[in-house]
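S.K.: First the structure, which I've put down as structure tokens, then a few questions once you've had a look.
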Amino acid sequence: MQSQQFQEVLNAISLLTNQQKNILLNALSDRHSPSDIAVSIEEAFIKAPICPHCGSEDLQRWGIRNQRQRFRCKDCHKTLNSFSKTPLARLRHPEKWSSYLEGMTHSLTLRPAAKQCQISLGTSFRWRHRFLQAIEHDQAPELGGIAEIDETFFRESFKGQRKGLPRPARKRGSDKKSECRKVPVMVARDRNCHTVDGILDNESADELCRHLNGRINIETVVCADASLAHEKLARKLGFTFKELVTSSGKRVLDGIFHLQHVNAYHGHLKGWIEGIFHGVATKYLPHYLGWRRALTGIQTLTPDRLGNKIMEFLRFQPLSAT
Numbered sequence: 001m002q003s004q005q006f007q008e009v010l011n012a013i014s015l016l017t018n019q020q021k022n023i024l025l026n027a028l029s030d031r032h033s034p035s036d037i038a039v040s041i042e043e044a045f046i047k048a049p050i051c052p053h054c055g056s057e058d059l060q061r062w063g064i065r066n067q068r069q070r071f072r073c074k075d076c077h078k079t080l081n082s083f084s085k086t087p088l089a090r091l092r093h094p095e096k097w098s099s100y101l102e103g104m105t106h107s108l109t110l111r112p113a114a115k116q117c118q119i120s121l122g123t124s125f126r127w128r129h130r131f132l133q134a135i136e137h138d139q140a141p142e143l144g145g146i147a148e149i150d151e152t153f154f155r156e157s158f159k160g161q162r163k164g165l166p167r168p169a170r171k172r173g174s175d176k177k178s179e180c181r182k183v184p185v186m187v188a189r190d191r192n193c194h195t196v197d198g199i200l201d202n203e204s205a206d207e208l209c210r211h212l213n214g215r216i217n218i219e220t221v222v223c224a225d226a227s228l229a230h231e232k233l234a235r236k237l238g239f240t241f242k243e244l245v246t247s248s249g250k251r252v253l254d255g256i257f258h259l260q261h262v263n264a265y266h267g268h269l270k271g272w273i274e275g276i277f278h279g280v281a282t283k284y285l286p287h288y289l290g291w292r293r294a295l296t297g298i299q300t301l302t303p304d305r306l307g308n309k310i311m312e313f314l315r316f317q318p319l320s321a322t
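Numbering (UniProt numbering), first residue to last: 1 to 322.
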């Protein structure tokens with residue numbers, strides 16, 4: 001739009017009624033530039049650049065390549081851009097990222113997402129896991145009030161892996177599901193929808209402490225099944241522990257202490273993974289746990305909020321590109 005035409009639009013705004021102004025504001029807020037996320041990340045980096053190789057803040061501009069500003073570190077002498085050594089490094093078509101993230105807020109599977117963004121199936125898979133890598137560790141900073149802890153189990157899966165399987169391929173129609181290795185997943189969730197979860201190497205107190213240390217307020221009342229691991233965890237972290245002996249029918253204490261919220265979360269998580277994605281590979285399970293946390297947080301997940309989570313991660317925790 002020419003400058004004169006834009007000025008005419010600005011002048012016309014004063015003639016709008018309040019109702020028309022509200023409609024205009026809603027229309028503007030619903031319009032997302034496809035390249036907003038990539039541009040926002042680059043702008044944030046330019047304001048406070050830092051070398052992902054050595055951590056130095058002494059950078060100088062070093063030309064432009066593929067429409068992105070490059071920098072050179074004066075300490076380690078390496079060149080970089082705002083996406084270097086992050087999960088988004090070397091990803092193409094940044095103008096389509098916002099559209100792809102919008103599909104992720106609706107749990108879009110790979111093929112519909114690829115069709116929506118006009119990208120290949122392989123690119124759709126790569127983008128999904130690069131974006132999820134950036135929110136994988138976005139856990140609740142602290143659980144408070146009444147919290148619930150429980151473990152659930154997923155069958156070990158090598159979905160998508162065609163070579164190098166550590167076991168013989170399973171045949172369809174087998175009844176030997178009980179022989180499959182189960183992967184334990186711990187979920188801790190308070191009554192305000194704050195969630196901390198993680199994959200456990202084993203069901204010990206040390207493993208639980210590895211995920212929950214520093215994330216449970218000392219004044220929090222924690223409900224969990226009766227087990228030595230949970231008792232030891234309570235002693236280590238110092239919170240009040242309400243022990244539920246569900247095997248004897250003791251499922252609710254004092255009318256408010258129970259595991260119904262975390263068990264419901266387990267059911268929704270498994271229904272989401274099995275129902276929409278038909279199971280996921282165990283090596284990618286942490287990505288899907290992070291995705292589900294984002295979808296079930298306090299605020300409704302939107303492309304902007306998902307983009308902000310990615311920006312926060314890239315700004316403060318750069319990772320090596322994969």
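Note that beta-carbon positions come from the ideal geometry of N, C-alpha and C, so glycine has one too.
Note that this is a predicted model, so its numbers are computed, not measured.
#1: When burial is assigned at 16 or more other CB atoms within 10 Å of the CB, is residue 84 buried or exposed?
#2: Report the start-end ranges of each beta strand (DSSP E) in the segment 73 to 118 that is 3 residues or longer and not cut off at the edges.
#3: For residue 249, count the other beta carbons within 10 Å of its own beta carbon; 16 or more makes it buried, fewer makes it exposed. Which is it?
#4: Apply the 10 Å Cβ neighbour rule to residue 293 and answer buried if 16 or more other Cβ atoms are within range, or exposed otherwise.
#5: If you reduce the DSSP assignment to three classes, tell me which class residue 243 lands in.
#6: Whether or not the segment 101 to 111 and the segment 53 to 60 are in contact is what I'm after, with contact meaning three or more pairs of Cβ atoms, one per stretch, closer than 8 Å; do they touch?
#7: Consult DSSP for residue 226 and reduce its assignment to one of helix, strand or coil.
#8: Please name the residue, chosen from 263, 200, 79, that lies closest to residue 54 on a Cα-to-Cα basis.
#9: DSSP puts residue 216 in a beta bridge; with which residues?
#10: So for residue 30, helix, strand or coil by DSSP?
#11: Can you check which of these residues, 143, 11, 92, 180, is closest to residue 155 by C-alpha distance?
#12: Tell me which residue opens and which closes the alpha helix (DSSP H) that residue 123 is part of.
#13: Name the two residues that bound the continuous alpha helix (DSSP H) containing residue 270.
#14: Thinking just about the alpha-carbon of each residue, which of 157, 208, 190 is nearest to the one in residue 335?
#15: With residue 285 as the anchor, note down where its alpha helix (DSSP H) starts and where it stops.
#16: Near residue 205, what residues of its chain come up, given a Cβ to Cβ distance below 7 Å and the 5 sequence neighbours on each side ignored?
#17: Determine the direct distance from the alpha carbon of residue 261 to that of residue 244, and round the result to whole angstroms.
#18: With a CB to CB cut of under 6 Å and the five nearest residues on each side skipped, what residues in its chain are close to residue 295?
#19: Could you tell me the distance, in whole angstroms, from the CA atom of residue 119 to the CA atom of residue 166?
#20: If I measure Cβ to Cβ from residue 162 and keep anything under 7 Å in the same chain, skipping five residues before and after, which residues do I get?
#21: Can you tell which of 46, 143, 37 has its C-alpha closest to the C-alpha of residue 214?
M.R.: So, from the listed chains and residues:
#1: Here residue 84 refers to the residue found at position 84 when the sequence shown is read from its first residue. Residue 84 should be labelled buried.
#2: Here no run is fully enclosed.
#3: The residue labelled residue 249 in the question sits at position 249 within the sequence shown. The Cβ neighbour count for residue 249, taken over all protein chains shown within 10 Å, is under 16; the residue is labelled exposed.
#4: As a first step, residue 293 must be located in the sequence shown, where it is residue number 293. Classified as buried, residue 293 has 16 or more neighbouring CB atoms from the shown chains inside 10 Å of its CB.
#5: Along the sequence shown, one-based indexing puts residue 243 at 243. Looking at residue 243 - three-state DSSP - the assignment turns out to be strand.
#6: Cβ pair count under 8 Å is below three, so no.
#7: To locate residue 226, count along the sequence shown from 1; it is residue 226. Looking at residue 226 - three-state DSSP - the assignment turns out to be coil, as it is neither helix nor strand.
#8: Numbered from its first residue, the sequence shown carries residue 54 at position 54. Put simply, of 263, 200, 79 the residue whose alpha carbon is nearest the alpha carbon of residue 54 is 79.
#9: Mapped onto the sequence shown, residue 216 falls at position 216. Paired residue(s): 143.
#10: Along the sequence shown, read from residue 1 onward, the residue named residue 30 stands at position 30. Bear in mind that the predicted position of residue 30 carries a pLDDT of just 48, short of 50, making it unreliable; the figure below should be weighed with that in mind. DSSP places residue 30 in coil when its eight states are reduced to three.
#11: If you number the sequence shown from 1, residue 155 lands on position 155. Residue 180 is the option with its Cα nearest to residue 155.
#12: On the sequence shown, position 123 is the one that residue 123 refers to. Per DSSP, the continuous alpha helix (DSSP H) segment holding residue 123 begins and ends at 121 to 135.
#13: In the sequence shown, the residue the question calls residue 270 occupies position 270. Run containing residue 270: 260 to 277, per the alpha helix (DSSP H) assignment.
#14: The displayed coordinates of the chain run from 1 to 322. Any statement about residue 335 would go beyond what the structure contains.
#15: Counted from its first residue, the sequence shown places residue 285 at position 285. Note, residue 285: alpha helix (DSSP H), 285 to 295.
#16: Translated into positions along the sequence shown, residue 205 becomes position 205. Result list for residue 205: 229, 232, 233, 236, in chain order.
#17: On the sequence shown, position 244 is the one that residue 244 refers to. On the sequence shown, position 261 is the one that residue 261 refers to. Cα-Cα distance, rounded: 14 Å.
#18: Against the sequence shown, residue 295 aligns to sequence position 295. Correct list, in chain order: 301.
#19: Locating residue 119 in the sequence shown gives position 119, where the first residue counts as 1. Locating residue 166 in the sequence shown gives position 166, where the first residue counts as 1. Residue 119 and residue 166: Cα-Cα distance of roughly 33 Å.
#20: As a working mapping, residue 162 is identified with position 162 in the sequence shown. Answer for residue 162: no residue qualifies.
#21: As a working note, residue 214 is residue 214 in the sequence shown. Of the candidates 46, 143, 37, the one whose C-alpha sits nearest the C-alpha of residue 214 is 143.
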